[in-house]
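Numbered by UniProt numbering, the letters in the sequence shown go through residues 4 to 752 in order. The structure appears below as structure tokens.
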Amino acid sequence: RKPTEVVKDVVDAAAEKVSHLMAPEVPGAPGSAPPTVDEPTTPHDPLPPKREQGAPETRTPTGAVTGAPAVANGQQGAFLTTSQGARLRDTDHSLKAGARGPTLLQDHHFREKITHFDHERIPERVVHARGAGAHGVFTGYGAQEVTRAGFLRKGKETPVFVRFSTVLGSRGSADTVRDTRGFATKFYTDEGTFDLVGNNMPVFFIQDAIKFPDIIHAGKPHPDREIPQAQSAHDTFWDFVSLHTEAQHHTMWNMSDRGIPRSYRTMEGFGVHTFRLVNEAGATVLAKFHWKPKLGVHSLEWEEAQLLAGMDPDFHRRDLYDAIEAGAYPEWELGLQVFPDTPEETFAGIDLLDPTKIVPEELAPVQPVGKLVLNRTPTNFFAETEQVAFHLGHLVPGIDVTNDPLLQGRLFSYVDTQLTRLGGPNFAQIPINRPHAPVNDMLRDGFHQHAVHAGVAPYRPNSLDGGNPFPAGDAENAFLDVPVTVAEAPKVRANPASFDDHFSQARLFWLSMSPVEREHIVRAYTFELGKCYHQAIRERQLQCLANIDPVLCAEVATGLGLPTPEPTVPLADVTPSPALSQVGRTWPADGRTVGIVVDAGADADGVSRVCREVSAAGMVPLVIAAHGGTVDGLTVQRTFATGRSVELDLLLLAGAPAPAPDARPARDAKAGAADATVVDPRVLLLVQECWRHAKVIGAWGDGVRVLELAGVVGAAGVVAGDSPADVLADAQALLAAHRVWERFPASVA
Ligand code: HDE
4 RKPTEVVKDV VDAAAEKVSH LMAPEVPGAP GSAPPTVDEP TTPHDPLPPK REQGAPETRT
64 PTGAVTGAPA VANGQQGAFL TTSQGARLRD TDHSLKAGAR GPTLLQDHHF REKITHFDHE
124 RIPERVVHAR GAGAHGVFTG YGAQEVTRAG FLRKGKETPV FVRFSTVLGS RGSADTVRDT
184 RGFATKFYTD EGTFDLVGNN MPVFFIQDAI KFPDIIHAGK PHPDREIPQA QSAHDTFWDF
244 VSLHTEAQHH TMWNMSDRGI PRSYRTMEGF GVHTFRLVNE AGATVLAKFH WKPKLGVHSL
304 EWEEAQLLAG MDPDFHRRDL YDAIEAGAYP EWELGLQVFP DTPEETFAGI DLLDPTKIVP
364 EELAPVQPVG KLVLNRTPTN FFAETEQVAF HLGHLVPGID VTNDPLLQGR LFSYVDTQLT
424 RLGGPNFAQI PINRPHAPVN DMLRDGFHQH AVHAGVAPYR PNSLDGGNPF PAGDAENAFL
484 DVPVTVAEAP KVRANPASFD DHFSQARLFW LSMSPVEREH IVRAYTFELG KCYHQAIRER
544 QLQCLANIDP VLCAEVATGL GLPTPEPTVP LADVTPSPAL SQVGRTWPAD GRTVGIVVDA
604 GADADGVSRV CREVSAAGMV PLVIAAHGGT VDGLTVQRTF ATGRSVELDL LLLAGAPAPA
664 PDARPARDAK AGAADATVVD PRVLLLVQEC WRHAKVIGAW GDGVRVLELA GVVGAAGVVA
724 GDSPADVLAD AQALLAAHRV WERFPASVA
């Protein structure tokens, strides 16, 4: 007998033995008729992109870069093709030797599909991996006295792409963690691309770029277990910053409310370094860049940030896109602090080359030079937000660098990192990175070359391509490396002596905070140090705090149950800068979220009117009820299961929903009548959380009963009345201050 016959006998015998275990034939099992599927079978045009979406601009006026234009639609036309354009009959079955046979190596479509998929991911950014981007327009106000940069001319409009980010977390980490935020802007100017690669804090942890790997290794998860993710509350971070005391000022910003922004839209941005500006006449000044948000600087409360990290890890990303799609375009003003360009490069005794120092706005006011409006969400996250490549060496005529040693090192790092991340030196040809100014370089070949360069002489000088390209001069607006004198000095690995002051500006920041902001800072240090395992690290950081401020140190030491050390350096005599505090001013309420709790029988007309007024005021109304669908004709946007207080800026109660029947205690189950002494506990939780997080709460009609049950009637920031319109008006007025600050137990005065 043939070997195959022997094998068949063995298999049949085995099958016989286990036949009683086989499942009976069921519908849908192999061999039975396929289930009917509700799938379109006739081709029709794909849906157009959403109004706010658009492909990145791909203008390349010289035509030097050719290739397929970037398109806004994913699926083009009706028929599926291979990447080479051949139409396909089937993309659901691999090519097999018989329906039950092995897959054939010759199945090119299968291999192309899987191979491409296998390589869909690129390395995430080593820092700032988690981010969100948007397109917009920048309009200059005019700044010709200090810089010749054309995009700052009055009325000049320039397209931009902005990417916001956290620093420490991986691509999939939560948005609301305590961290610095990146604020990187690509201006596609007529004179070349200008990248302002800044953060939401004006200072940095280190004074010299050579230490960047150290601070980042310390902040990233521990290398053995790879935890904690996107957190600074761990031993290695505090080990480094307590040993390396120049990090103390930036660390103080992280522990303040600035480390947990409410939204990207409510963050300031800073270029951090001092830049050198040069005007048409060749005169120079030193300058720092600032972004001022139209909505003011607002932050989350730490408990909110923690809850959000679980409830909506994409909170900031969602907020950015929702705002743009709702037409509430995020806005900032770009401002300059301008200083005389003196040989010392100092201002009011502050070393302008030290990136751990600010110049208080009271000493050098921020002068507005333009407005940024973000008005378009990306069409494709990967193509735009992931592949965008910033570099602070992307400068335009009129803006030059200084010798800040942190800035100098960054000039090297950003191209280098793109070589790995984007797979070669041609990343400037990726649509989102393409300049809008004409490009006429002599860079050739390399991985992923999209251009088909004509000509034979990509070198200078040449006579074969007509001598092109020629260098430009002043008349042709060439970039100017400002010819500053480089001091004759020995080669040293050293910092100027002024860089040794590590505590005075941390103290300045602390003393500039309001009592409630100080209390938050104390709680943040206590939380983070409380998460450290090594006693020596906590004690060392307490020593740093003692050198910043005795009250701060004592409060944190009490929380940690440790003695308060004495300062080892004299406490700096500093003048506080009120501009650093978020408290005490009022701001527009655009884009704020207003939750309105409704119940069957509540005043549906009143609620509808409130919703209209909320929308008309540029805010977002969310009707919240026990179940989805509609309640008395009102469309429900959140239920008690899907909504949580942390999403809201303002809570309004138009009803007092009773507990769900199965949650109601037995004594209340009588006769189905509403019991005025009980309310759904999830509504009470909403009120309690809004109360704890110092949010404005308003109520009318039955809603007032909820306030009574929560015991908050008459308290600060709680508005009750008969007329929904009056309650909304009073609540909105309070919202302008962002929170009901007086409600916090501010103990640290
Ligand atoms: Fe960065 N930084 N950085 N950084 N940085 C990167 O570049 C680096 C620093 C900032 O949304 C990387 O393309 C060094 C200060 C932002 O794509 C990398 C030093 C400031 C972003 C890099 C610094 C920043 C980055 C990682 C110390 C505020 C995200 C991926 C000298 C002024 C940009 C990439 C985006 C990204 C290096 C310090 C801001 C590795 C060596 C100071 C907003 O090149």
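From the three backbone atoms N, C-alpha and C, an ideal C-beta is built for every residue, glycine too.
- For Gln411, no beta strand (DSSP E) segment is defined; the enclosing uninterrupted segment is the alpha helix (DSSP H) at 408-424.
- Here the C-alpha atom of Pro464 lies approximately 26 Å from the C-alpha atom of Thr196.
- At a cut-off of 7 Å, the beta-carbon of Thr420 counts as near ligand 1: some heavy atom of the ligand is closer than that.
- Its Cα nearest to that of Arg320, the residue Tyr267 stands out among Glu307, Leu303, Tyr267.
- Here the alpha carbon of Asn480 sits roughly 13 Å from the alpha carbon of Phe154.
- Going by beta carbons, Phe342 and Ala286 fall outside the 8 Å limit.
- Here DSSP, grouped into helix, strand and coil, assigns Asp198 to strand.
- A straight line joining the alpha-carbon of Gln432 with that of Gln452 spans about 8 Å.
- When the five nearest sequence neighbours on each side are left out, the beta carbons in the same chain lying within less than 7 Å of the beta carbon of Thr638 are those of Val626, in order along the chain.
- Gln370 and Asp315 have their alpha carbons spaced roughly 37 Å apart.
- For Thr7, the enclosing alpha helix (DSSP H) covers residues 6-20.
- When secondary structure is reduced to three states using DSSP, Pro343 falls in the strand class.
- Membership of Glu307 in the alpha helix (DSSP H) is indicated by the continuous run 305-314.
- Ala697 has its alpha-carbon roughly 15 Å from the corresponding atom of Arg595.
- Judged by DSSP in its simplified three-state form, Pro105 adopts coil rather than helix or strand.
- Pairing Leu651 with Gly412, the inter-Cα distance amounts to about 42 Å.
- Between Ala137 and Pro381, the C-beta spacing is below 8 Å.
- In the DSSP assignment, Gly724 falls within the unbroken beta strand (DSSP E) covering 721-724.
- Straight-line spacing of the CA atoms in Gly426 and Asp635 works out to 57 Å.
- For Phe747, the three-state secondary structure derived from DSSP is coil.
- Look at Trp241 here: in three-state DSSP terms it is helix.
- Annotated three-state conformation of Arg379 is strand, per DSSP.
- Taken from the Cβ of Val716, every heavy atom of ligand 1 lies 7 Å or farther away.
- Remark: the C-beta of Phe207 is in contact range of ligand 1, defined as less than 7 Å to any heavy atom.
- Gly139 is not a Cβ neighbour of Gly158, given a cutoff of 8 Å.
- Of the other Cβ atoms in all chains shown, 16 or more fall within 10 Å of the Cβ of Lys360; this residue is therefore buried.
- Annotation for Lys189: the continuous beta strand (DSSP E) segment containing it runs 184-192.
- In this chain, the alpha helix (DSSP H) harbouring Ser618 covers 607-619.
- An exposed status is given to Pro441, since fewer than 16 other beta-carbon atoms sit within 10 Å of its beta-carbon.
- In terms of side-chain proximity, the C-beta atom of His247 is found no nearer than 7 Å to any non-hydrogen atom of ligand 1.
- Below 8 Å, too few C-beta pairs join the segment 486-500 and the segment 551-568 to call them touching: fewer than three.
- With a cut-off of 7 Å, the C-beta of Pro358 is classified as near ligand 1, since at least one heavy atom of the ligand falls inside that distance.
- Between the segment 546-554 and the segment 579-586, the count of C-beta pairs closer than 8 Å stays below three; the two stretches do not touch.
- Counting along the chain, Pro162 sits inside the beta strand (DSSP E) bounded by residues 160-169.
- Contact between Gln340 and Val362 holds, with the beta-carbon distance rounding to 6 Å and staying under 8 Å.
- Taking the CA atoms as reference points, Gly704 sits about 14 Å from Val613.
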